[in-house]
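Novice: If you scroll down you'll find the structure; I have some questions about it.
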Amino acid sequence: MIIAQLNEPVDDVMGLASVHNCAVLVAILDNQSEQLRFIHVSPPNGALRIVDETPANTRICTLFEQAEESGMLAFRVRYWTHTAIANALPVFTPEEQWPLAMTRS
249 MIIAQLNEPV
259 DDVMGLASVH
269 NCAVLVAILD
279 NQSEQLRFIH
289 VSPPNGALRI
299 VDETPANTRI
309 CTLFEQAEES
319 GMLAFRVRYW
329 THTAIANALP
339 VFTPEEQWPL
349 AMTRS
């Protein structure tokens, strides 16, 4: 798991992901909504169609927004030869906001 700041460059965050050489979970805390947001990032994969590099100054919050809009995002950072996939996970909502219904069996 990688915890990132909203304005960290995607290249830096994915550099940390590269160290693990496996799928990672990336988390950010949205300061405005105070929501914890997650994306699951696959390792770069040679079986995927190669996409254009993410622009150099792209922030991780932008990658999150793009993944959340589409549900799944193919992307590549400058030092990756292959494309990776970012899957947006649903935002966690604490139980206090959504009480559980009690049922009897």
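Take the position in the sequence shown, starting the count at 1, then add 248; the result is the number in my numbering. Glycine residues also receive a C-beta, built at the ideal position from the N, C-alpha and C atoms. Computed from a prediction, not measured in an experiment: that's the story for all the values here.
Please name the residue in Asn293, Glu313 and Gln280 whose C-alpha comes closest to that of Val258.
Specialist: Along the sequence shown, read from residue 1 onward, the residue named residue 258 stands at position 10. When only C-alpha atoms are compared, the closest one is Glu313.
Novice: If we count the other Cβ atoms within 10 Å of its Cβ and call it buried at 16 or more, is Leu321 buried or exposed?
Specialist: The residue you call residue 321 lines up with position 73 of the sequence shown. So Leu321 ends up on the buried side.
Novice: His330 and Ile308 look like a contact to me (Cβ under 8 Å); what is the Cβ gap, rounded to whole Å?
Specialist: Counted from its first residue, the sequence shown places residue 330 at position 82. Counted from its first residue, the sequence shown places residue 308 at position 60. That pair is no contact at about 20 Å.
Novice: Beta-carbon separation of Phe323 and Thr310 under 8 Å?
Specialist: By 1-based counting over the sequence shown, the position of residue 323 is 75. By 1-based counting over the sequence shown, the position of residue 310 is 62. Cβ distance not < 8 Å, so Phe323 and Thr310 don't count as in contact.
Novice: Helix, strand or coil, according to DSSP, for Gln280 in the structure here?
Specialist: Position 32 of the sequence shown, counting from 1, holds the residue named residue 280. Correct three-state label for Gln280: coil.
Novice: With a 10 Å radius around its C-beta and 16 neighbouring C-beta atoms as the bar for buried, classify Val339 as buried or exposed.
Specialist: The residue labelled residue 339 in the question sits at position 91 within the sequence shown. It is exposed - the Cβ of Val339 has fewer than 16 other Cβ atoms within 10 Å.
Novice: Which residues mark the beginning and the end of the beta strand (DSSP E) in which Ala315 is found?
Specialist: The sequence position of residue 315 within the sequence shown is 67, counting from 1. From DSSP, Ala315 is part of no beta strand (DSSP E) but of the alpha helix (DSSP H) over Ile308 to Ser318.
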